[in-house]
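First the structure, in the form of structure tokens, and then the observations on it.
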Amino acid sequence: KGGKISHVAPNILERQFEVDEPNKVWVTDFTYVRTYEGWLYLTIVLDLFSRQIIGWSMKNNPRADLVIDALLMAIWRRKPEGRVLIHSDQGIQYCSKIYTNKLKSRNMLISMTEENHCYENAQAERVNGILKTEYYLGLKFDNKCLARRSCKQAIYLYNSDRPHLSLNMKTPSMVHSNFKARSIKELN
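Set out below in structure tokens:
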């Protein structure tokens, strides 16, 4: 289920974190959430354009299906029309055959950090840090059910309420909505 290592992709993103429209570049990473019942693993998929979390998944183990489920949520929610570059670290889940085959079947362009270069996936790492510090996901939860509810609420609040300096103090949801409204206006 974890998948065999099949593919380490070159770093195509190369720290180019500024993107001019949605669904061009997504970054992904996973983190750990502690509970008294054991660990939970949270994966996020972030659209670099708006910094919005567009896909996420939580599981009891860090197998490849954890990252695939977050990817599928992002694809389902966004329905990208063009080719998306998806960037991750070289974690075993992201290098697994099952994950890389899923990306290839969706015509996604795969990019990965070079080994031991955490700054090359800084945007996804940063959002995980925000979730853990500003939304308290770094605390140890009484149980997994509470941790899951807290993660879902944190992601909602991050997207809808958390302004970013890099987004001119707008929230990820505002930036995405403004782009959609502008695009619709241009069509009319």
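In the working numbering, each number is its position in the sequence shown, counted from 1, plus 5.
The C-beta atom is built at its ideal place from N, Cα and C for all residues, glycine as well.
Nearest C-alpha to T48 among Y141, Q98 and L108: Q98. Between V72 and Y104 a beta carbon distance of about 6 Å is seen, short of the 8 Å cut, so the two are scored as contacting. The three-state reading of DSSP puts Y46 in strand, counting E and B together. In this structure, S93 places its C-beta atom within 9 Å of the C-beta atom of D34. Residues P27, D52, F54, S55 and Q57 of the same chain have their beta carbon placed closer than 8 Å to that of H181, with the five preceding and five following residues left out of the count. When beta bridges are read from the DSSP output, W61 appears opposite I49.
Your pair M63 and C156 checks out as a contact, with CB atoms roughly 6 Å apart and the cut at 8 Å.
Restricted to the stretch 60-102, the alpha helix (DSSP H) segments that are unbroken, complete and at least 4 residues in length are 69-83 and 97-100, listed in chain order. If the five residues before and after L136 are omitted, its C-beta is found closer than 6 Å to the C-beta atoms of L142 and A159, all from its own chain and listed in chain order.
The beta carbon of N16 lies closer than 7 Å to those of S116, M117, T118, E119 and E125 in the same chain, with the five residues before and after it left out. Here the alpha carbon of A14 sits roughly 15 Å from the alpha carbon of R20. Your pair V24 and V32 does not check out as a contact, with CB atoms roughly 10 Å apart and the cut at 8 Å.
Within the DSSP secondary-structure output, T36 pairs in a beta bridge with L47.
Taking 9 Å as the cut-off, the beta carbon of Y163 is found closer than this to the beta carbon of P177. Taking a C-beta distance under 9 Å as the contact criterion, L108 and L151 do not qualify as a contact pair. M113 is the residue among H12, V38, M113 and E42 whose C-alpha sits nearest the C-alpha of K84.
Under the three-state reduction of DSSP output, M113 falls in the coil class, being neither helix nor strand.
Secondary structure within the stretch 101-184: the beta strand (DSSP E) runs of 3 or more consecutive residues, fully enclosed, are 114-117 (chain order).
Here L18 is not near K149, since their CB atoms are 9 Å or more apart.
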